[in-house]
Amino acid sequence: MTPADLSPRAERLAELLRAWPRKRVSRGELWSLLEQADPSIGMSLRRRRILAGLLDELAAEAVLRLPSKRSYDYSEQPPLPNFVTVPKDTSSARRGREPVWHPELRWVPDASLNQSQVDKLAAINSWLHQNRGDLVVPVRERSLEIFGDEKVLDDLVRGSLFAEGRLRPELLRVRRAVPRMYTESVGDGDVLLVVENSDTFDSLTRVLAAEPGRIGLVGWGAGTGFEASILSVGQLDRRITEIRYFGDLDGAGLRTPASASELGQASGFSPVRPAVPLYDALLRLGRPQSGQKRLSPNAARALAGWLDPAQQEAVTSLLSSGERLAQEAVGLAYLLSDNGWRDL
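So for the sequence shown, the working numbering puts the first residue at 36; every next one is plus one.
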(Lines of atoms letter the chains of each structure in order from A and count residues from 1; the text may use other names and numbers.)
(Lines give C-alpha, C1' and ligand atoms only; values in the text may rest on other atoms or scores of the structure.)
Protein backbone atom coordinates (compact mmCIF):
# COMPACT_ATOMS: atom_id res chain seq x y z
CA MET A 1 0.00 0.00 0.00
CA THR A 2 1.28 3.42 -0.90
CA PRO A 3 0.06 6.68 0.71
CA ALA A 4 -2.19 7.18 -2.34
CA ASP A 5 -3.84 3.85 -1.50
CA LEU A 6 -4.87 4.87 2.02
CA SER A 7 -8.58 4.58 2.65
CA PRO A 8 -10.31 7.98 2.39
CA ARG A 9 -10.96 8.02 6.13
CA ALA A 10 -7.28 7.23 6.86
CA GLU A 11 -6.12 9.91 4.43
CA ARG A 12 -8.29 12.54 6.15
CA LEU A 13 -6.94 11.52 9.55
CA ALA A 14 -3.38 11.56 8.17
CA GLU A 15 -3.80 15.15 6.94
CA LEU A 16 -5.05 16.23 10.37
CA LEU A 17 -2.14 14.49 12.09
CA ARG A 18 0.40 16.08 9.75
CA ALA A 19 -1.04 19.49 10.60
CA TRP A 20 -0.96 18.78 14.37
CA PRO A 21 1.31 21.32 16.12
CA ARG A 22 3.09 18.73 18.32
CA LYS A 23 4.81 15.44 17.60
CA ARG A 24 2.97 13.55 20.34
CA VAL A 25 -0.79 13.11 20.02
CA SER A 26 -2.65 11.72 23.03
CA ARG A 27 -5.46 9.18 22.90
CA GLY A 28 -8.01 11.84 23.79
CA GLU A 29 -6.71 14.06 20.99
CA LEU A 30 -6.90 11.13 18.58
CA TRP A 31 -10.60 10.74 19.37
CA SER A 32 -11.13 14.42 18.60
CA LEU A 33 -9.24 14.16 15.31
CA LEU A 34 -11.20 11.06 14.33
CA GLU A 35 -14.46 12.95 14.81
CA GLN A 36 -13.12 15.74 12.57
CA ALA A 37 -12.00 13.23 9.95
CA ASP A 38 -15.36 11.45 9.93
CA PRO A 39 -18.21 13.12 11.85
CA SER A 40 -20.54 10.28 10.80
CA ILE A 41 -18.83 7.93 13.29
CA GLY A 42 -20.35 9.86 16.21
CA MET A 43 -20.92 7.44 19.09
CA SER A 44 -20.86 4.34 16.90
CA LEU A 45 -20.25 1.14 18.84
CA ARG A 46 -17.52 0.37 16.29
CA ARG A 47 -15.59 3.60 16.79
CA ARG A 48 -12.86 2.04 18.96
CA ARG A 49 -12.31 -0.72 16.42
CA ILE A 50 -12.29 1.83 13.59
CA LEU A 51 -9.68 3.99 15.33
CA ALA A 52 -7.45 0.99 16.07
CA GLY A 53 -7.59 -0.09 12.42
CA LEU A 54 -6.81 3.42 11.17
CA LEU A 55 -3.81 3.76 13.48
CA ASP A 56 -2.42 0.44 12.22
CA GLU A 57 -3.00 1.53 8.63
CA LEU A 58 -1.21 4.84 9.18
CA ALA A 59 1.64 3.23 11.11
CA ALA A 60 2.22 0.85 8.20
CA GLU A 61 2.73 3.90 5.95
CA ALA A 62 5.02 5.66 8.48
CA VAL A 63 2.53 8.49 8.94
CA LEU A 64 2.83 7.89 12.67
CA ARG A 65 4.75 5.72 15.14
CA LEU A 66 2.97 3.55 17.68
CA PRO A 67 4.38 3.22 21.23
CA SER A 68 5.44 -0.02 22.92
CA LYS A 69 2.66 -2.30 24.12
CA ARG A 70 3.27 -1.07 27.69
CA SER A 71 1.82 2.28 26.63
CA TYR A 72 -1.56 0.90 25.57
CA ASP A 73 -4.99 1.11 27.20
CA TYR A 74 -6.33 -2.43 27.71
CA SER A 75 -9.54 -1.48 29.52
CA GLU A 76 -11.56 -2.31 26.37
CA GLN A 77 -11.01 -4.24 23.17
CA PRO A 78 -9.22 -3.67 20.94
CA PRO A 79 -6.38 -2.04 22.91
CA LEU A 80 -5.52 1.55 21.96
CA PRO A 81 -2.22 3.41 22.37
CA ASN A 82 -2.11 6.11 25.02
CA PHE A 83 -0.37 8.30 22.44
CA VAL A 84 1.20 8.22 18.97
CA THR A 85 4.18 10.11 17.59
CA VAL A 86 3.94 11.99 14.29
CA PRO A 87 7.19 12.71 12.41
CA LYS A 88 7.19 16.40 11.57
CA ASP A 89 8.33 18.29 8.49
CA THR A 90 7.04 21.70 9.51
CA SER A 91 7.41 25.23 8.28
CA SER A 92 10.65 25.72 10.23
CA ALA A 93 12.29 23.12 8.02
CA ARG A 94 11.07 24.53 4.73
CA ARG A 95 13.85 25.16 2.27
CA GLY A 96 14.25 27.80 -0.36
CA ARG A 97 12.83 31.25 -0.80
CA GLU A 98 9.27 31.81 0.45
CA PRO A 99 6.99 32.58 -2.51
CA VAL A 100 4.79 35.64 -2.78
CA TRP A 101 1.52 34.11 -1.72
CA HIS A 102 -1.68 34.96 -3.54
CA PRO A 103 -4.15 36.92 -1.34
CA GLU A 104 -6.41 33.85 -1.18
CA LEU A 105 -3.48 31.91 0.32
CA ARG A 106 -2.43 34.47 2.91
CA TRP A 107 -3.09 31.87 5.63
CA VAL A 108 -0.26 29.61 4.42
CA PRO A 109 2.79 31.23 6.14
CA ASP A 110 1.20 30.88 9.58
CA ALA A 111 -0.12 27.34 9.08
CA SER A 112 1.56 24.20 10.42
CA LEU A 113 2.21 22.25 7.23
CA ASN A 114 4.51 19.50 6.05
CA GLN A 115 6.76 19.96 3.04
CA SER A 116 4.48 17.96 0.74
CA GLN A 117 1.56 20.28 1.56
CA VAL A 118 3.72 23.37 1.03
CA ASP A 119 4.86 22.08 -2.36
CA LYS A 120 1.27 21.50 -3.47
CA LEU A 121 0.19 24.91 -2.24
CA ALA A 122 3.10 26.50 -4.09
CA ALA A 123 1.86 24.89 -7.31
CA ILE A 124 -1.65 26.19 -6.64
CA ASN A 125 -0.19 29.61 -5.84
CA SER A 126 1.57 29.78 -9.22
CA TRP A 127 -1.59 28.75 -10.99
CA LEU A 128 -3.69 31.39 -9.19
CA HIS A 129 -1.20 34.15 -10.14
CA GLN A 130 -1.22 33.08 -13.78
CA ASN A 131 -4.90 32.25 -14.32
CA ARG A 132 -7.73 34.73 -13.84
CA GLY A 133 -10.44 33.13 -15.95
CA ASP A 134 -13.81 31.97 -14.65
CA LEU A 135 -14.20 28.64 -16.46
CA VAL A 136 -15.22 25.85 -14.05
CA VAL A 137 -13.82 22.45 -15.07
CA PRO A 138 -13.84 18.88 -13.67
CA VAL A 139 -11.50 18.23 -10.77
CA ARG A 140 -9.13 15.92 -12.64
CA GLU A 141 -8.69 18.33 -15.55
CA ARG A 142 -7.66 21.09 -13.16
CA SER A 143 -5.42 18.70 -11.22
CA LEU A 144 -3.51 17.77 -14.36
CA GLU A 145 -3.21 21.46 -15.27
CA ILE A 146 -1.81 22.45 -11.87
CA PHE A 147 0.22 19.42 -10.81
CA GLY A 148 0.81 17.40 -13.96
CA ASP A 149 -1.06 14.56 -12.23
CA GLU A 150 -4.80 14.17 -12.63
CA LYS A 151 -5.34 12.47 -9.25
CA VAL A 152 -3.64 14.88 -6.83
CA LEU A 153 -6.74 17.02 -6.23
CA ASP A 154 -8.85 13.92 -5.58
CA ASP A 155 -6.80 13.36 -2.43
CA LEU A 156 -6.48 17.03 -1.46
CA VAL A 157 -10.20 17.79 -1.45
CA ARG A 158 -10.72 15.16 1.25
CA GLY A 159 -7.94 16.49 3.47
CA SER A 160 -7.16 19.32 5.84
CA LEU A 161 -6.08 21.75 3.09
CA PHE A 162 -9.76 22.05 2.20
CA ALA A 163 -10.81 22.76 5.78
CA GLU A 164 -12.80 25.90 6.56
CA GLY A 165 -10.86 29.06 5.76
CA ARG A 166 -8.39 27.29 3.46
CA LEU A 167 -8.84 25.99 -0.09
CA ARG A 168 -12.30 25.63 -1.60
CA PRO A 169 -13.61 24.35 -4.95
CA GLU A 170 -14.72 27.83 -6.00
CA LEU A 171 -11.17 29.15 -5.65
CA LEU A 172 -9.78 26.51 -8.00
CA ARG A 173 -12.88 26.74 -10.20
CA VAL A 174 -13.52 23.01 -10.16
CA ARG A 175 -16.57 20.78 -10.03
CA ARG A 176 -16.85 17.08 -9.40
CA ALA A 177 -17.69 15.13 -12.54
CA VAL A 178 -20.48 12.64 -11.93
CA PRO A 179 -20.24 9.69 -14.32
CA ARG A 180 -23.57 7.95 -14.74
CA MET A 181 -23.72 4.46 -13.36
CA TYR A 182 -24.69 1.84 -15.93
CA THR A 183 -27.89 0.18 -14.74
CA GLU A 184 -30.33 -2.43 -15.99
CA SER A 185 -34.00 -2.34 -14.99
CA VAL A 186 -35.20 -5.71 -13.68
CA GLY A 187 -38.42 -4.72 -11.90
CA ASP A 188 -40.45 -1.99 -10.26
CA GLY A 189 -38.80 -2.12 -6.83
CA ASP A 190 -37.05 0.71 -4.99
CA VAL A 191 -33.83 -1.18 -4.20
CA LEU A 192 -30.66 -0.62 -6.24
CA LEU A 193 -28.24 -3.56 -6.21
CA VAL A 194 -24.73 -2.47 -7.24
CA VAL A 195 -22.35 -5.21 -8.41
CA GLU A 196 -18.60 -4.62 -8.58
CA ASN A 197 -17.62 -6.71 -11.62
CA SER A 198 -19.11 -7.09 -15.08
CA ASP A 199 -19.61 -10.86 -15.26
CA THR A 200 -21.44 -11.10 -11.94
CA PHE A 201 -23.46 -8.04 -12.96
CA ASP A 202 -24.51 -9.90 -16.11
CA SER A 203 -25.47 -13.08 -14.23
CA LEU A 204 -27.48 -11.27 -11.56
CA THR A 205 -29.27 -9.15 -14.14
CA ARG A 206 -30.34 -12.22 -16.11
CA VAL A 207 -31.61 -14.08 -13.05
CA LEU A 208 -33.36 -11.12 -11.42
CA ALA A 209 -35.21 -10.19 -14.60
CA ALA A 210 -37.44 -13.22 -14.09
CA GLU A 211 -38.04 -12.68 -10.37
CA PRO A 212 -36.76 -9.32 -9.11
CA GLY A 213 -38.48 -9.09 -5.74
CA ARG A 214 -37.81 -5.63 -4.28
CA ILE A 215 -34.89 -4.95 -6.61
CA GLY A 216 -35.75 -2.47 -9.34
CA LEU A 217 -32.29 -1.76 -10.78
CA VAL A 218 -28.97 -3.57 -10.96
CA GLY A 219 -25.99 -1.24 -11.31
CA TRP A 220 -22.48 -2.02 -12.51
CA GLY A 221 -20.05 -0.55 -9.99
CA ALA A 222 -17.08 -0.85 -12.39
CA GLY A 223 -14.62 -1.56 -9.60
CA THR A 224 -13.56 1.55 -7.74
CA GLY A 225 -15.62 3.66 -10.18
CA PHE A 226 -18.55 3.33 -7.79
CA GLU A 227 -16.90 5.90 -5.53
CA ALA A 228 -17.69 8.50 -8.22
CA SER A 229 -20.84 7.08 -9.80
CA ILE A 230 -22.64 6.88 -6.43
CA LEU A 231 -23.47 10.56 -6.95
CA SER A 232 -25.48 9.72 -10.07
CA VAL A 233 -28.09 7.84 -8.04
CA GLY A 234 -30.07 11.06 -7.87
CA GLN A 235 -30.24 11.09 -11.69
CA LEU A 236 -31.89 7.68 -12.00
CA ASP A 237 -35.37 7.49 -13.46
CA ARG A 238 -36.93 6.25 -10.24
CA ARG A 239 -36.81 6.84 -6.52
CA ILE A 240 -34.30 4.60 -4.74
CA THR A 241 -34.79 4.04 -1.02
CA GLU A 242 -32.13 1.38 -0.42
CA ILE A 243 -28.73 0.64 -1.95
CA ARG A 244 -27.19 -2.82 -1.65
CA TYR A 245 -23.68 -3.72 -2.80
CA PHE A 246 -21.92 -6.96 -3.69
CA GLY A 247 -18.22 -7.12 -4.56
CA ASP A 248 -14.97 -9.00 -4.05
CA LEU A 249 -13.83 -9.73 -0.53
CA ASP A 250 -10.50 -7.92 -0.60
CA GLY A 251 -9.15 -4.52 0.38
CA ALA A 252 -10.43 -2.56 -2.62
CA GLY A 253 -13.71 -4.48 -2.68
CA LEU A 254 -14.47 -3.37 0.87
CA ARG A 255 -13.02 0.14 0.80
CA THR A 256 -15.02 1.07 -2.29
CA PRO A 257 -18.57 0.61 -0.91
CA ALA A 258 -17.61 2.09 2.47
CA SER A 259 -16.17 5.20 0.80
CA ALA A 260 -19.09 5.45 -1.62
CA SER A 261 -21.48 5.24 1.31
CA GLU A 262 -19.77 8.17 3.07
CA LEU A 263 -19.85 10.30 -0.08
CA GLY A 264 -23.44 9.35 -0.90
CA GLN A 265 -24.75 10.08 2.58
CA ALA A 266 -23.06 13.48 2.49
CA SER A 267 -25.16 14.14 -0.64
CA GLY A 268 -28.39 12.94 0.96
CA PHE A 269 -28.54 9.38 -0.37
CA SER A 270 -29.23 6.21 1.58
CA PRO A 271 -26.20 4.42 3.04
CA VAL A 272 -24.66 1.65 0.96
CA ARG A 273 -25.24 -1.62 2.77
CA PRO A 274 -23.91 -5.11 2.02
CA ALA A 275 -26.01 -7.64 0.10
CA VAL A 276 -25.68 -10.02 3.04
CA PRO A 277 -27.00 -13.27 1.47
CA LEU A 278 -24.70 -12.86 -1.54
CA TYR A 279 -21.67 -12.38 0.72
CA ASP A 280 -22.78 -15.43 2.73
CA ALA A 281 -22.76 -17.40 -0.52
CA LEU A 282 -19.31 -16.05 -1.44
CA LEU A 283 -17.89 -17.10 1.93
CA ARG A 284 -19.27 -20.62 1.36
CA LEU A 285 -18.40 -21.04 -2.32
CA GLY A 286 -15.28 -18.94 -2.83
CA ARG A 287 -11.75 -20.34 -3.06
CA PRO A 288 -9.25 -18.14 -1.19
CA GLN A 289 -6.66 -16.60 -3.50
CA SER A 290 -3.28 -15.79 -1.96
CA GLY A 291 -0.83 -13.09 -2.93
CA GLN A 292 -2.52 -10.15 -1.21
CA LYS A 293 -0.82 -7.90 1.34
CA ARG A 294 -1.30 -9.30 4.84
CA LEU A 295 -3.20 -6.77 6.93
CA SER A 296 -2.84 -6.39 10.67
CA PRO A 297 -5.84 -7.75 12.62
CA ASN A 298 -6.99 -4.23 13.47
CA ALA A 299 -6.71 -2.95 9.89
CA ALA A 300 -8.49 -6.05 8.58
CA ARG A 301 -11.18 -5.69 11.22
CA ALA A 302 -11.76 -2.06 10.27
CA LEU A 303 -12.28 -2.99 6.60
CA ALA A 304 -14.53 -5.92 7.50
CA GLY A 305 -16.57 -3.62 9.73
CA TRP A 306 -18.68 -2.53 6.74
CA LEU A 307 -20.07 -6.07 6.45
CA ASP A 308 -22.79 -7.74 8.48
CA PRO A 309 -21.48 -8.52 12.02
CA ALA A 310 -21.91 -12.26 11.44
CA GLN A 311 -19.47 -12.09 8.50
CA GLN A 312 -16.80 -9.88 9.99
CA GLU A 313 -14.73 -12.49 11.83
CA ALA A 314 -14.31 -14.72 8.77
CA VAL A 315 -13.38 -11.78 6.54
CA THR A 316 -10.96 -10.37 9.11
CA SER A 317 -9.18 -13.73 9.15
CA LEU A 318 -9.15 -13.81 5.33
CA LEU A 319 -7.58 -10.35 4.99
CA SER A 320 -5.10 -10.98 7.80
CA SER A 321 -3.93 -14.07 5.93
CA GLY A 322 -3.23 -12.12 2.74
CA GLU A 323 -6.06 -13.79 0.85
CA ARG A 324 -9.15 -12.70 -1.09
CA LEU A 325 -12.37 -14.10 -2.51
CA ALA A 326 -13.52 -13.15 -6.03
CA GLN A 327 -17.26 -12.51 -6.33
CA GLU A 328 -17.41 -14.56 -9.55
CA ALA A 329 -17.54 -17.65 -7.31
CA VAL A 330 -21.24 -16.79 -6.89
CA GLY A 331 -21.91 -17.69 -10.49
CA LEU A 332 -24.92 -18.16 -12.73
CA ALA A 333 -25.32 -21.88 -11.92
CA TYR A 334 -25.62 -21.13 -8.20
CA LEU A 335 -27.93 -18.15 -8.70
CA LEU A 336 -30.30 -20.31 -10.77
CA SER A 337 -30.26 -23.29 -8.41
CA ASP A 338 -30.61 -21.61 -5.00
CA ASN A 339 -33.09 -18.90 -4.04
CA GLY A 340 -31.64 -18.30 -0.58
CA TRP A 341 -29.66 -15.27 -1.78
CA ARG A 342 -32.71 -13.31 -2.96
CA ASP A 343 -33.76 -11.83 0.39
CA LEU A 344 -31.46 -8.83 0.28
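Where is the CB? At the ideal position from N, CA and C, for every residue including glycine.
*asked:* In the DSSP output, what is T218 paired with across the bridge?
replied: According to DSSP, which records beta bridges pairwise, T218 is partnered with G254.
**Prompt:** Can you list, in chain order, the stretches of the alpha helix (DSSP H) that have 4 or more residues and sit fully within the stretch 157 to 210?
**Reply:** Runs found: 174 to 182, 187 to 191, 204 to 207.
query: Which residue or residues does DSSP assign as beta-bridge partners of Q324?
result: According to DSSP, Q324 bridges with R359.
Between the beta-carbon of S195 and the beta-carbon of F118, is there less than 8 Å?
Not a contact, by the Cβ cut-off of 8 Å.
For I15, does the three-state DSSP call read helix, strand or coil? This structure leaves residue 15 out entirely; the chain is present only between 36 and 379.
### Task
Please state if the CB of W142 and the CB of N160 are separated by a distance shorter than 8 Å.
It is not a contact, given that the beta carbons lie outside the stated cut-off.
* Have a look at A335 and E348 and give me their C-alpha separation to the nearest angstrom. => Rounded to whole angstroms, A335 to E348 spans 10 Å at the Cα level.
Taking the Cβ atom as the reference point for each residue, do D73 and R44 lie within a distance shorter than 8 Å? The answer is yes: Cβ separation under 8 Å.
- prompt: Does the beta-carbon distance from L383 to R290 come in below 8 Å?
  reply: The structure shown does not extend to residue 383, since the chain is modelled only from 36 through 379, so no value can be given for it.
So the candidates are A87, S75, L68, W55; which of them puts its Cα closest to the Cα of S331? Taking only the C-alpha atoms, the option nearest S331 is A87.
Could you compute how far the alpha carbon of M36 sits from the alpha carbon of A245?
With a pLDDT of 41 at M36, under the threshold of 50, the modelled position of this residue cannot be trusted; read the value that follows with caution. Between M36 and A245, the C-alpha separation is close to 42 Å.
Does V221 pass the burial test, meaning 16 or more other C-beta atoms within 10 Å, or should it be called exposed? Buried is the call here.
(request) Starting from F281, follow its DSSP beta bridges and name the residues at the other end. (result) Beta-bridge pairing links F281 to V230.
For L367, which of helix, strand or coil comes out of DSSP? Reduced to three states, the DSSP call for L367 is helix.
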